Amino acid sequence: MFNFKFALLPLLILSIGLSGCTKLNKDVSKTLSIVIEPAFKEQVLDAVKYATSKNNSLEFEIKILSPDPDKRSAEIQKLRTQIMSGKGPDLYLVNCSTDGAAQMNEPLFENPYKAMQSGVFASLDKYMKKDSYWQKENYNPSFLLPGQYQERQYILPLSCHYNMLISDTVLDYTQENDTLEDWISNIKSSSDHALKNALFELDNISGNWFQPAADYNSGQIFFDKEKWSNFALEYLLFKQDYLENEKTNNTDTSSSHILISSLDDINEHTTQIDIIPDIQGKKMAAIRCFGAVSMASDYKEEAYHFLMYFLNNVIQESTSTNGMSLSANGVLGTDYPVQVSAIRTKLSFLDQSKQDLAIKAFQSLEGAYFPTEVEHFIYEEIIENSSLLYGPQTDFKKIWQDKLSALADKAWNDYHTQVTE
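Next comes the structure, spelled out in structure tokens:
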């Protein structure tokens, strides 16, 4: 049974924001403090319900970052000051930066790689070794790598985003190991106008064109300035040609293609799903939100177990027998899940064959990365260069050659600064 104070919990949190908390038990020995995003509120509160039903010695203090940019910025600065002084919450359930158009609010950790190196987070290895969840083939193991530093796990990605081309017809324009450059070359020579129209929007994922760009463990910079700028020029020239010669005259509606899509765009007509590779041919996912336990926490194990409610099926199995109705379902937030079971849950309205298509695409991902400010800078610059096509006619190629070369130089230098600072 839950007391009246718990029933008021959502209202209390909404009214008190970052500094607010609620007492779930009067006589407790442990208070777990958690910082979360506004979008995670319902799922986190449901997990709190479950946790307190199983352990009445736990009390939770839920701190919700404000959705208002100005208030959020002030809250983040206050939190960062606390973190730097060795204080702060026990658990973080927060978003990263993004590498494209859907830029979220200011992240608490602008560069999770550097946060790991600075000792903000606690190692999770000893808890993971005892956790049977990690013996199952459910979580994509390559997603763990970006959350590691010196071979120890500090961060667990909880959601991600990857770029898919979804079609309701069978397409044969690419081979298994093709690069993004191969995609452009093959699709340029195709007569499928709908496919070209999809490729026309490739600038929206320009932050994902070259990943991983750096290794924060070894200090290596992988970002290849020449390869990147050559590809960017090739793409923009393709876009210019298509805009001038095909797009306005195209009335072909024989097939349906979605370039940057979500799992929600998969339907009963979906026949093919392809992960869009990067310039190197790698199929990478951008991490959207993650969980991490604070090094300053006195309750690291309890924080880890609460974090795992958003990956394991403990709550689901319990609610199937005790009548509780909770929304936590193996993924935190509204982006893509990082495990097979949650993809099936998300696509449960479709038959298994369509779910299998999505899972096959997910399992073809080779890795993941935390977007930083550099990726968003690249995206903004590519969009700006692309927008020149809608202005006065000029020698676009010459302008782009100069701008893209300078852009690549700055991106490389920024990656170098991030890795070495």
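Under this note's numbering, the first residue of the sequence shown is numbered 11, with each subsequent residue one higher. Note that beta-carbon positions come from the ideal geometry of N, C-alpha and C, so glycine has one too. All values reported here derive from a predicted model rather than from experimental measurement.
Query                                                                                                                                                                           : Result
To the nearest angstrom, how far is it from the Cα of residue 301 to the Cα of residue 251?                                                                                     : 45 Å
With a Cβ-Cβ cutoff of 9 Å, do residue 318 and residue 375 count as a contact?                                                                                                  : no
What are the boundary residues of the alpha helix (DSSP H) that residue 350 is part of?                                                                                         : 350-356
Among the candidates 45, 178, 165 and 415, whose CA atom is the shortest distance from the CA of residue 239?                                                                   : 415
Are there 16 or more other CB atoms within 10 angstroms of the CB of residue 351, so buried, or fewer, so exposed?                                                              : buried
Hey, how far is the Cα of residue 158 from the Cα of residue 400?                                                                                                               : 44 Å
At a cut of 8 Å, does the segment 87-99 reach the segment 55-66 through at least three beta carbon pairs?                                                                       : no
According to DSSP, simplified to helix, strand and coil, what is residue 15?                                                                                                    : Residue placement at residue 15 is poorly supported in this model, since its pLDDT is 34, which falls under 50; the coordinates still yield a value, given next. Residue state, collapsed to three classes: helix.
Within the same chain, show all residues whose beta-carbon is closer than 7 Å to that of residue 249, passing over the 5 residues directly before and after it, in chain order. : 210, 396 and 399
Per DSSP, which one or two residues make a beta bridge with residue 104?                                                                                                        : 300
At the level of alpha carbons, what is the spacing between residue 289 and residue 71?                                                                                          : 45 Å
Using the Cβ count rule (16 or more neighbours within 10 Å means buried), how would you classify residue 236?                                                                   : exposed
Within 10 angstroms of the Cβ of residue 428, are there 16 or more other Cβ atoms? Answer buried if so, exposed if not.                                                         : buried
Hey, how far is the Cα of residue 285 from the Cα of residue 174?                                                                                                               : 5 Å
What residues in its chain sit with their C-beta under 8 Å from that of residue 363, if we drop five residues either side in the sequence?                                      : none
Would you identify the three-state DSSP class for residue 233, choosing helix, strand or coil?                                                                                  : coil
Do you know offhand how far residue 103's Cα is from residue 292's?                                                                                                             : 28 Å
Rounded to whole angstroms, what's the CA-CA distance from residue 35 to residue 189? Just pull it up for me.                                                                   : Legend: pLDDT at residue 35 = 49, less than 50; position of this residue unreliable, no value from coordinates given.
Where DSSP assigns a beta bridge to residue 225, which residues make up the other side?                                                                                         : 230
Let me check understanding here. Comparing Cα to Cα, which of 146, 154 and 381 lies closest to residue 134?                                                                     : 154
Exposed or buried, what is residue 403 when buried is set at 16 or more other beta-carbons lying within 10 Å of its beta-carbon?                                                : exposed
Using three-state DSSP, classify residue 426 as helix, strand or coil.                                                                                                          : helix
Terminal residues of the continuous alpha helix (DSSP H) containing residue 194?                                                                                                : 190-198
Which residue spans inside the segment 344-410 form an unbroken beta strand (DSSP E) run of at least 3?                                                                         : 377-379
Report the three-state DSSP secondary structure of residue 312 (helix, strand or coil).                                                                                         : helix
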